[in-house]
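S.K.: With this note's numbering applied, the sequence shown corresponds to residues -14 to 487, in that order.
Can you keep this structure in mind? I'll have questions shortly.
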Amino acid sequence: MEKKEKAAILLNTAKAYLARGPWIQYDQLSMDRIVRCSARRSAFAPPEAGTEDLPLFLDCSSFLWNCYYQTFGYMLEADLTWHMIDMLHPRVFYYELTHEETEEEQKAVCERVKGLLEPGDIVTFERTDHSGHTMLYAGEGRFLHSTQQHGFNGYQYDEMRNIFDPAGTVCEDTCERWFTPWDGSDWTKLYLLRSNVKRFSVHRPLDLAGDPTQQALARYHRAKDLVCSVTADVRPGQTVPNGNPVVYTVSVRNDGETDIAVEIEYTAKKDIVEEKQGFRVVSVQAGETEKITFTVTADAEKPYIEEPQVLVNGLRIWAPRVLAGTALPSECAVALVKAAAHLTGKNIDLLAMLQPVCESLGYPVPDSVSYALHTLFFLHDTEIADVVSRRPQRPEKDLCVYKLYGGTGVLTPQNASGADLRTTHITREYLQPGDMILCADDALFRKTYAVLWTGKKLIGCFEFGAVASERSGKEADRWIDTLFGRFCFAVLRPSLGGRKDG
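Structural data, given as structure tokens:
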């Protein structure tokens, strides 16, 4: 394949991320650093994985890494900016700033770089504080990159809250913004020559990438200009009892200038008994969106329903994984709420208080928050700080809602190749009455606390050492928002183990 066509297919993939808009958000501090190990920064994720229900989180380097991987199956040598500047091959230009360059010398450097740039090139710079930025050259004097626009960052760890950009994080920029000589005045422009830039380079990995994948070809040809997503009528975190239906919606938006005939195929996997296969043809007008739905029914004792395979004009569309399991009977949830009400004003372990009640109802749970967390996570000793990893997920045994766990001290190496192993977002809509949110502020689980969700409010200790209280409405939402900024959290659902008689 000609290099020009390869570049066009690569840029089509990059623009597919751009087209997701607010469904892709920025998150940088979630790299796998010690004690900054949240799973939100995604690798291996196709554009279609970003949906209204579950945003995709990318920073500048993971955006470029995903573009190359999703187009060619090619893994760049690094996906962190300060590694990329030295490790990406081939490097066709490299420059270290002295900050003594004259205006003429600055212009000469800029013109040299602009003269050698080719579509598909990666431009990377490192700042004096060891951070940096990286961008994909799109040709005709434009770049595509993922950046914190207007100061938005997917999660503010210092404030322990989400701040989403309504415009999304992937955007286009012009060469002039990057290569105008630095005059020391306008800090809103990320000039490559400004005073806090240490060095920058240009890389050409397109020369090493092989042929495009079938997915990339489908996205470039028959599915070009189509923005597709698959969502389910079950909120993430909610469990569906076996035998209950789940309605999936396939949404197709036409961003092109002409009408497009769209073929939608869906195939359910073996544990689904209703509507195993389907085929629809719809015409999507330019600028419009069409939706089709199909229903599946789980018929297996599994912690989740296997996601259906959905093809839109030959492009496989990422589909969500729906959790399976029973809900706590309402009378049992009421009994737990009554028991938890006696916690108010006291500093008592939530599980120690509720364990006898759960036992009497036929839903045994661990007798302490610390012990429960020990059954879910194991310790990693490091010189800098201790972190923990999630044990293999077995909801029917450990009672933890599948993938509803995380925190700044939870390391999940396998998450890079399995985006469904761990949640990237949580709200009260993910919870069911009787759920218990367990938290810890340390890797040895000595500083633990927990709250119970009643369906309307949270009851329990919201910080280590605090007495129990209640929070509802915006106060409850705000506390749930802090979970990703805490060292460790997990959601326990007593009903997942089934009811034990006697």
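Where is the CB? At the ideal position from N, CA and C, for every residue including glycine.
Being a predicted model, the structure only gives us computed values, none of them experimental.
#1: Which value, in whole angstroms, describes the spacing of the CA atoms of residue 91 and residue 166?
#2: Give the straight-line distance between the Cα atoms of residue 492 and residue 189, rounded to the nearest whole angstrom.
#3: Taking Cβ positions, are residue 45 and residue 131 nearer each other than 8 Å?
#4: Helix, strand or coil for residue 438? Go by DSSP, reduced to three states.
#5: Reducing DSSP to helix, strand and coil, say where residue 274 ends up.
#6: Is residue 315 helix, strand or coil by DSSP?
#7: What residue does the beta strand (DSSP E) around residue 245 start on, and which one ends it?
#8: Reducing DSSP to helix, strand and coil, say where residue 58 ends up.
#9: Does residue 217 come out as helix, strand or coil in the three-state DSSP assignment?
#10: Using three-state DSSP, classify residue 25 as helix, strand or coil.
#11: Quick one: Cα of residue 470 to Cα of residue 481, how far?
#12: Under the three-state reduction of DSSP, which class applies to residue 176: helix, strand or coil?
#13: Taking only runs of the alpha helix (DSSP H) that begin and end inside the region 332 to 376, which ones reach a length of at least 4 residues, in chain order?
#14: Can you name the start and end residues of the beta strand (DSSP E) that residue 230 belongs to?
#15: Take residue 287 as the anchor and find which of 303, 271, 310, 280 has the nearest alpha-carbon.
#16: Since residue 32 and residue 11 are thought to touch, with beta carbons under 8 Å apart, how far apart are those beta carbons, to the nearest angstrom?
#17: Checking 8 Å against the spacing of the C-beta atoms, do residue -2 and residue 201 come in under that value?
#18: At 3 residues or longer, what runs of the beta strand (DSSP E) sit wholly inside the region 113 to 149?
#19: Starting from residue 156 and walking both ways along the beta strand (DSSP E), at which residues does that stretch end?
#20: Given a threshold of 16 other Cβ atoms within 10 Å of its Cβ, counted over all protein chains shown, does residue 140 qualify as buried or as exposed?
#21: Considering only C-alpha positions, which residue in the set 9, 228, 176 is nearest to residue 155?
#22: Tell me the DSSP bridge mates of residue 10?
#23: Helix, strand or coil: how does DSSP classify residue 63 here?
#24: Which of helix, strand or coil does DSSP assign to residue 91?
#25: Can you find at least 3 beta carbon pairs, one from the region 434 to 444 and one from the region 381 to 389, that sit closer than 8 Å?
#26: Would you grab the beta carbon distance between residue 219 and residue 112 for me? Rounded to a whole angstrom, and I think it's under 8 Å.
#27: Determine, using beta carbons only, whether residue 48 and residue 98 come nearer to each other than 8 Å.
#28: Grouping DSSP H, G and I as helix and E and B as strand, with all else coil, what is residue 452?
#29: How many Å lie between residue 86 and residue 101 at the Cα?
#30: Whole angstroms are fine: how far does the CA of residue 329 sit from the CA of residue 497?
#31: Which residues in the same chain as residue 124 place their Cβ atom closer than 7 Å to its Cβ, once the five residues preceding and following it in sequence are excluded?
#32: Considering Cα atoms alone, identify which of 253, 355, 283, 244 is closest to residue 267.
M.R.: So, from the data block:
#1: On the sequence shown, position 106 is the one that residue 91 refers to. On the sequence shown, position 181 is the one that residue 166 refers to. Going by the C-alpha atoms only, they are around 6 Å apart.
#2: The requested residue 492 does not occur in the structure, where the chain is confined to residues -14 to 487.
#3: Residue numbering aside, residue 45 sits at position 60 when the sequence shown is read from its first letter. Residue numbering aside, residue 131 sits at position 146 when the sequence shown is read from its first letter. Contact flag set, yes.
#4: One-based indexing of the sequence shown puts residue 438 at position 453. Here residue 438 sits in strand by DSSP.
#5: Along the sequence shown, one-based indexing puts residue 274 at 289. It is a strand residue.
#6: Within the sequence shown, residue 315 is the residue found at index 330, counting from 1. Three-state result, residue 315: helix.
#7: Locating residue 245 in the sequence shown gives position 260, where the first residue counts as 1. Element bounds for residue 245: 245 to 252.
#8: One-based indexing of the sequence shown puts residue 58 at position 73. In this structure, residue 58 counts as coil in the three-state DSSP scheme.
#9: Translated into the one-based positions of the sequence shown, residue 217 becomes position 232. Three-state result, residue 217: strand.
#10: Numbered from its first residue, the sequence shown carries residue 25 at position 40. DSSP places residue 25 in coil when its eight states are reduced to three.
#11: Here residue 470 refers to the residue found at position 485 of the sequence shown. Here residue 481 refers to the residue found at position 496 of the sequence shown. One C-alpha to the other measures close to 26 Å.
#12: Counting from 1 along the sequence shown, the entry for residue 176 is found at position 191. Three-state DSSP puts residue 176 in coil, outside helix and strand.
#13: 335 to 346, 354 to 361
#14: By 1-based counting over the sequence shown, the position of residue 230 is 245. That run of the beta strand (DSSP E) goes 230 to 239.
#15: As a working mapping, residue 287 is identified with position 302 in the sequence shown. Of the listed residues, the one whose Cα sits closest to residue 287 is 310.
#16: Stepping through the sequence shown from its first residue, residue 32 is reached at position 47. Stepping through the sequence shown from its first residue, residue 11 is reached at position 26. In fact, because the Cβ distance is near 16 Å, the residues do not count as touching under 8 Å.
#17: Residue mapping note: residue -2 aligns to position 13 of the sequence shown, counting from 1. Residue mapping note: residue 201 aligns to position 216 of the sequence shown, counting from 1. Result yes, Cβ atoms of residue -2 and residue 201 sit closer than 8 Å.
#18: 117 to 124, 127 to 131
#19: As a first step, residue 156 must be located in the sequence shown, where it is residue number 171. It spans 155 to 159 - the beta strand (DSSP E) in which residue 156 sits, taken as one unbroken run.
#20: Walking along the sequence shown from the start, residue 140 turns up at place 155. Its Cβ being crowded by 16 or more others within 10 Å, residue 140 is buried.
#21: Translated into positions along the sequence shown, residue 155 becomes position 170. Cα-wise, what sits closest to residue 155 is 9.
#22: One-based indexing of the sequence shown puts residue 10 at position 25. DSSP output for residue 10 lists 42 as bridge partner(s).
#23: Stepping through the sequence shown from its first residue, residue 63 is reached at position 78. Correct three-state label for residue 63: coil.
#24: Along the sequence shown, one-based indexing puts residue 91 at 106. In the structure shown, residue 91 sits in a helix (DSSP, three-state: H, G or I).
#25: no
#26: Here residue 219 is taken as the residue at index 234 of the sequence shown, counted from 1. Here residue 112 is taken as the residue at index 127 of the sequence shown, counted from 1. The Cβ separation is near 44 Å, so there is no contact.
#27: In the sequence shown, residue 48 corresponds to position 63, counting from 1. In the sequence shown, residue 98 corresponds to position 113, counting from 1. The answer is no: Cβ separation not under 8 Å.
#28: Here residue 452 corresponds to residue number 467 of the sequence shown, with the count starting at 1. DSSP places residue 452 in coil when its eight states are reduced to three.
#29: Indexing the sequence shown from 1 puts residue 86 at position 101. Indexing the sequence shown from 1 puts residue 101 at position 116. Approximately 21 Å between the Cα atoms of the pair.
#30: Coverage of the chain is limited to positions -14 through 487, which leaves residue 497 absent and any answer about it impossible.
#31: Taking the sequence shown and counting its residues from 1, one reaches residue 124 at position 139. Hits under 7 Å: 104.
#32: On the sequence shown, position 282 is the one that residue 267 refers to. Ranking the options by Cα distance to residue 267, first place goes to 244.
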